[in-house]
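In this note's numbering, the protein residues as written are 66 to 299.
Scroll down for the structure; my scribbles are underneath it.
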């Protein structure tokens, strides 16, 4: 009987120990689960907080990057604007330089034309002076020729001088022999007509130009007309 009681106590002890371990495991497991759940919640909260923080920071960085990109675009636009204006300014300067060069060329051309015109005016004045002197010389000897050589001189159109010789043909003393003389653009004497024509008129004209001896020219013309008259009468 004593043995049976001891066995019951052992059995009871074993049962109590088993229950203790079961309760211990349950209690420890629940605590572990609670701690794990709390840790998991903490981690979750921490991760969410960090995620929100970094998400906010990333958004701020994105905004900064967008702002920087916007500034870069503005700088690029300003650079393009400045480059365009510089190109326009270069074109304007080039046009101004061309206009200045054209103005200089025009001024030089006008000056050259003025100088050329002045030279032409001087030449014309000189020629007019020479022509006037020659006309005066002719006028001075008109009376002498008319009285002694039967010569009449007339000023006709285009500033020409007409010499009318008479007393050439002894059969018809009043028959006129006419030679018309002018001064050309070069200021030289030029025979424009001769009636009747003389074969030696070109030679007499050349001699007049070379010697400028007007009296000798008129005398030679009279001699040529006289010789022609005798030849025609023979």
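Beta carbons are placed, not taken as given, at the ideal position from N, Cα and C, and that holds for glycine.
Helix, strand or coil at residue i [DSSP, three-state]
i	result
residue 88	helix
residue 188	helix
residue 263	coil
residue 220	strand
residue 39	Missing from the structure shown is residue 39; the chain here goes from 66 to 299 and no further.
residue 251	coil
In DSSP terms, what residue i is bridged to
i	result
residue 246	226, 256
residue 131	Looking at the DSSP assignment, residue 131 forms no beta bridge with any residue, so it has no partner.
residue 234	237
Contact check, residue i vs residue j, beta carbons under 9 Å
i	j	result
residue 290	residue 271	no
residue 231	residue 254	no
residue 223	residue 258	no
residue 202	residue 282	no
residue 241	residue 293	no
residue 191	residue 252	yes
residue 245	residue 226	yes
residue 220	residue 229	no
residue 243	residue 256	no
residue 182	residue 287	no
Return the chain-ordered ranges of every alpha helix (DSSP H) run that is complete within the segment 118-183 and spans a minimum of 4 residues. none
How do the segment 168-186 and the segment 234-247 stand: do at least 3 beta-carbon pairs fall below 8 Å, yes or no? no
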